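Numbering (our numbering), first residue to last: 2 to 85. Yeah, the Cβ is synthetic: ideal placement off N, Cα and C, and Gly gets one too. These numbers come from a predicted model, not from an experiment.
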């Protein structure tokens, strides 16, 4: 990947500005729900850089959590109502 592609993907990720942490035990079901509600998830490297949501493991500081990122605040709020 060249530097222009890297900048493009970083800009795209910045638009996913609304995020929520959920328990790792729920992340697979929540991911399937998001795919059904919002379509295919955003991919940093891949063909779907136009996705409206994505999820990642929250990291070593929150090892039992996943973080879901959304473009739209309304989508994040729907997610919170369903999964919190």
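With a 10 Å radius around its C-beta and 16 neighbouring C-beta atoms as the bar for buried, classify residue i as buried or exposed.
i          : result
residue 69 : buried
residue 57 : exposed
residue 36 : exposed
residue 30 : exposed
Counting only the same chain and skipping the five closest in sequence on each side, list residues whose C-beta sits under 6 Å from that of residue i.
i          : result
residue 16 : 72
Going straight from the alpha carbon of residue i to that of residue j, what length do you get?
i          : j          : result
residue 50 : residue 44 : 5 Å
residue 41 : residue 28 : 15 Å
residue 19 : residue 59 : 14 Å
residue 26 : residue 32 : 11 Å
Near residue i, which residues of its chain fall below 7 Å by C-beta distance, leaving aside the five closest residues on each side in sequence?
i          : result
residue 39 : 53, 54, 76
residue 24 : 65, 66
residue 63 : 22
residue 74 : 19
Tell me which same chain residues have a C-beta within less than 8 Å of the C-beta of residue i, skipping the five on either side of it?
i          : result
residue 81 : 21
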